[in-house]
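Peer 1: Structure provided below as structure tokens; questions to follow.
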Amino acid sequence: MLSVKTCNGKRSTALASLTLMAVLVAGCHKESVQDPESKTFVLSETMLKTITLDTVQQRPVNGALNLNGKIVADENRLVEIFPIVGGNVIEVDAELGDQVKKGQVLATIKSSEVAEYDRQLIDAQSDVLVAQKNLAVKQDLYNSKLSSDRELISAQKELEKAEAGLKRITETFSIYNFNKQSEYRLKAPINGFITSKNITRDMTLPSGHSESVFAVAELDEVWAIANVYESDIARIRDGMDVVVTTISYPGDPIRGKIDKIFSVLDPETRTMRVRVRIPNKDFRLKPEMLASVKAIYHENKALPAVPASAIIFDNSRQFVMIFKDRYNIETREVEVYKTTDDTAWLSAGVQPGEVVISHDQLFIYDALND
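Residue numbers (this note's numbering): 1411 to 1780.
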């Protein structure tokens, strides 16, 4: 009986011990498995829909040179118009900025020099008539055996010479748009826009006037000419990607490439010029518009990159918000190597493949770090 009692007593003690351990284990397990909803900060479903998530990517480091420049007409598609005679301007039919068609009359000049051409035309016509009559006479004499071959050939040469003189003066009238009223009409040589005008009604142009009175340019393609400071010349390459913006259209950047480097320096500004060709089918870009040209260059390294909008600046330090799920968002300090308009390259703090919040993250930062 004692042994039995003793045995029963041991069994009861063992059962009690096991029960106590089970309670403790259950208690510990309950503490370790916490309901996510009970955490201090949980991103709401509404907020989750408003934020923007971006994955950290290893990307080559780019830099940008900000250059000042302006829009100019394509020099290969611009024609300056010079008057070939002097005289009095009796009519001006085009103004600065007008769109004109090839052959359109721009101005009319009354000129005594044209009157001289008129006289030459009359003389040339008379010379042809005289030469024709002389040849006819020589031909009759030759047929009657009263004139030699030499005299007939000489008459033929005189006619050819007179006809050549008439053709020359006639073509002069045609090319320079002279008429029989001693007027010289300046016409547009190409389709385009008047980009320069140095002529007015009743103006007197001296003979041998050496300055252009009109310039006409085709503007369906224009140039952006930018100035490169001497310290940045080593980074400029032919074919570099650029972004051109103008004051008139700040929200409409134009992407292109540098297609020509003018390898000389302006002695006054100590800058070198580069050129970007820009299609301009709607003629929005005008010559002399100020332009900002951002030239993109590449460094020989790659670093983790995030949108520039993901960076938070606080107390001279920089942070990003690392997103794992709505219950796990971490404030991470980073080191920014370089920032462009839309990208930040980080030298420390993140790894490729991690996810950052790049929009509306400041509210989350304030909530986690108050």
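The beta carbon of each residue, even a glycine, is placed where N, CA and C say it ideally should be.
Every value quoted in this text rests on a predicted model; they were computed, and no experiment measured them.
With DSSP collapsed to three states, give me the class of Met-1699.
Peer 2: The residue labelled residue 1699 in the question sits at position 289 within the sequence shown. Here Met-1699 sits in coil by DSSP.
Peer 1: Excluding the 5 residues flanking Arg-1645 on each side, which residues of the same chain have their C-beta closer than 7 Å to its C-beta?
Peer 2: Locating residue 1645 in the sequence shown gives position 235, counting from the first residue. Closer than 7 Å at Cβ, skipping near neighbours: Leu-1475, Tyr-1707.
Peer 1: Should Arg-1560 go down as buried or exposed, given a rule of 16 or more other Cβ atoms within 10 Å for buried?
Peer 2: Taking the sequence shown and counting its residues from 1, one reaches residue 1560 at position 150. Exposed, because fewer than 16 other Cβ atoms sit within 10 Å of the Cβ of Arg-1560.
Peer 1: Quick check: Phe-1733 and Ile-1481, are their CB atoms within less than 9 Å of each other?
Peer 2: To locate residue 1733, count along the sequence shown from 1; it is residue 323. To locate residue 1481, count along the sequence shown from 1; it is residue 71. Not in contact: Phe-1733 and Ile-1481 (Cβ atoms no closer than 9 Å).
Peer 1: Could you compute how far the alpha carbon of Leu-1551 sits from the alpha carbon of Ala-1572?
Peer 2: Counted from its first residue, the sequence shown places residue 1551 at position 141. Counted from its first residue, the sequence shown places residue 1572 at position 162. Approximately 21 Å, taken between the alpha carbons.
Peer 1: Are three or more beta carbon pairs between the region 1518–1528 and the region 1484–1503 nearer than 8 Å?
Peer 2: yes
Peer 1: Judging by CA-CA distance, which residue of Arg-1694, Leu-1477, Ala-1627 is the nearest neighbour of Ser-1641?
Peer 2: Residue 1641 sits at position 231 when you count from the first residue of the sequence shown. Nearest C-alpha to Ser-1641: Leu-1477.
Peer 1: Measuring straight from C-alpha to C-alpha, what distance separates Val-1746 and Ser-1726?
Peer 2: The sequence position of residue 1746 within the sequence shown is 336, counting from 1. The sequence position of residue 1726 within the sequence shown is 316, counting from 1. C-alpha separation (whole angstroms): 12 Å.
Peer 1: When burial is assigned at 16 or more other CB atoms within 10 Å of the CB, is Gln-1771 buried or exposed?
Peer 2: Position 361 of the sequence shown holds residue 1771. With 16 or more other Cβ atoms from the protein chains shown falling within 10 Å of its own Cβ, Gln-1771 counts as buried.
Peer 1: Between Ala-1715 and Gly-1759, what straight-line distance do the alpha-carbon atoms span, to the nearest angstrom?
Peer 2: By one-based count along the sequence shown, residue 1715 stands at place 305. By one-based count along the sequence shown, residue 1759 stands at place 349. The alpha-carbon of Ala-1715 is positioned some 11 Å away from that of Gly-1759.
Peer 1: Report the option in Thr-1750, Ile-1668, Val-1452 whose CA atom is closest to the CA atom of Trp-1633.
Peer 2: The sequence position of residue 1633 within the sequence shown is 223, counting from 1. When Thr-1750, Ile-1668, Val-1452 are compared, the shortest CA-CA separation from Trp-1633 is found for Ile-1668.
Peer 1: Counting C-beta neighbours from all protein chains within 10 Å, is the total for Gly-1618 16 or more, i.e. buried, or is it exposed?
Peer 2: On the sequence shown, residue 1618 is found 208 positions in, with the first residue counted as 1. With fewer than 16 Cβ atoms within 10 Å of its Cβ, Gly-1618 is classed as exposed.
Peer 1: For Glu-1490, name the three-state secondary structure that DSSP assigns.
Peer 2: On the sequence shown, residue 1490 is found 80 positions in, with the first residue counted as 1. Strand.
Peer 1: Is DSSP giving Glu-1561 helix, strand or coil here?
Peer 2: Residue mapping note: residue 1561 aligns to position 151 of the sequence shown, counting from 1. Helix, per DSSP.
Peer 1: Would you kindly work out how many angstroms separate the C-alpha atoms of Leu-1556 and Val-1547, rounded to a whole number?
Peer 2: Here residue 1556 refers to the residue found at position 146 of the sequence shown. Here residue 1547 refers to the residue found at position 137 of the sequence shown. Leu-1556 and Val-1547: Cα-Cα distance of roughly 11 Å.
Peer 1: Name the two residues that bound the continuous alpha helix (DSSP H) containing Asn-1779.
Peer 2: Taking the sequence shown and counting its residues from 1, one reaches residue 1779 at position 369. Here the alpha helix (DSSP H) through Asn-1779 covers 1771–1779.
Peer 1: What is the rounded straight-line gap between the Cα of Ser-1522 and the Cα of Thr-1582?
Peer 2: Residue numbering aside, residue 1522 sits at position 112 when the sequence shown is read from its first letter. Residue numbering aside, residue 1582 sits at position 172 when the sequence shown is read from its first letter. Roughly 16 Å separates the two Cα atoms.
Peer 1: Check Phe-1693 in the structure and name its three-state DSSP category.
Peer 2: In the sequence shown, counting from the first residue as 1, residue 1693 sits at position 283. Reduced to three states, the DSSP call for Phe-1693 is coil.
Peer 1: If we ignore side chains and look at the alpha-carbon of each, how far apart do Val-1435 and Ala-1754 end up?
Peer 2: Here residue 1435 corresponds to residue number 25 of the sequence shown, with the count starting at 1. Here residue 1754 corresponds to residue number 344 of the sequence shown, with the count starting at 1. For Val-1435, the predicted structure reports a pLDDT of 41, less than 50, and the residue's modelled location is therefore unreliable. A value from the coordinates is still provided. Cα-Cα distance, rounded: 49 Å.
Peer 1: I believe Asp-1833 touches Glu-1628 by the beta-carbon criterion, under 8 Å. Please report the beta-carbon distance rounded to the nearest angstrom.
Peer 2: Summary: the structure shown does not reach residue 1833, with the chain confined to residues 1411 through 1780, and so no result is reported for it.
Peer 1: Thinking Val-1466 and Val-1766 are a contact (beta carbons under 8 Å), I'd like their distance in whole angstroms, please.
Peer 2: Locating residue 1466 in the sequence shown gives position 56, counting from the first residue. Locating residue 1766 in the sequence shown gives position 356, counting from the first residue. Rounded, the Cβ-Cβ distance is 6 Å, consistent with contact.
Peer 1: Take Arg-1694 as the anchor and find which of Ile-1657, Thr-1456, Gln-1728, Asn-1608 has the nearest alpha-carbon.
Peer 2: As a first step, residue 1694 is located in the sequence shown; it is residue number 284 there, counting from the start. When the alpha-carbon of Arg-1694 is set against those of Ile-1657, Thr-1456, Gln-1728, Asn-1608, the nearest one is in Ile-1657.
Peer 1: Is Ile-1519 helix, strand or coil when you go by DSSP?
Peer 2: By 1-based counting over the sequence shown, the position of residue 1519 is 109. Strand at Ile-1519.
Peer 1: Let me know the secondary structure DSSP gives Arg-1613 once reduced to three states.
Peer 2: Walking along the sequence shown from the start, residue 1613 turns up at place 203. Looking at the sequence provided, one finds Met at residue 1613 rather than Arg. Here Met-1613 sits in coil by DSSP.
Peer 1: Using the three-state DSSP reduction, which class does Ala-1483 fall into: helix, strand or coil?
Peer 2: Mapped onto the sequence shown, residue 1483 falls at position 73. In the structure shown, Ala-1483 adopts extended strand secondary structure according to DSSP, grouped into three states.
Peer 1: I'd like the span of the alpha helix (DSSP H) that includes Thr-1460, first residue to last.
Peer 2: For this step, residue 1460 is matched to residue 50 along the sequence shown. Start and end: 1455–1460.
Peer 1: Keeping to the same chain, check which residues put their C-beta closer than 7 Å to that of Ala-1812; ignore five residues upstream and five downstream.
Peer 2: Any property of residue 1812 remains undetermined from this structure, which presents the chain solely from 1411 to 1780.
Peer 1: Between the Cα of Ser-1622 and the Cα atoms of Pro-1660, Leu-1596, Ile-1600, which residue gives the shortest distance?
Peer 2: Your numbering for residue 1622 matches position 212 in the sequence shown. Among Pro-1660, Leu-1596, Ile-1600, the Cα nearest to that of Ser-1622 is on Leu-1596.
Peer 1: So if DSSP puts Gly-1602 in a beta bridge, which residue, or which two residues, is it bridged to?
Peer 2: Here residue 1602 is taken as the residue at index 192 of the sequence shown, counted from 1. Bridge partners of Gly-1602: Val-1510.
Peer 1: For Ala-1758, which residues does DSSP report across the bridge?
Peer 2: For the purposes of this step, residue 1758 is identified with residue 348 of the sequence shown, where counting begins at 1. Ala-1758 is bridged to Glu-1745.
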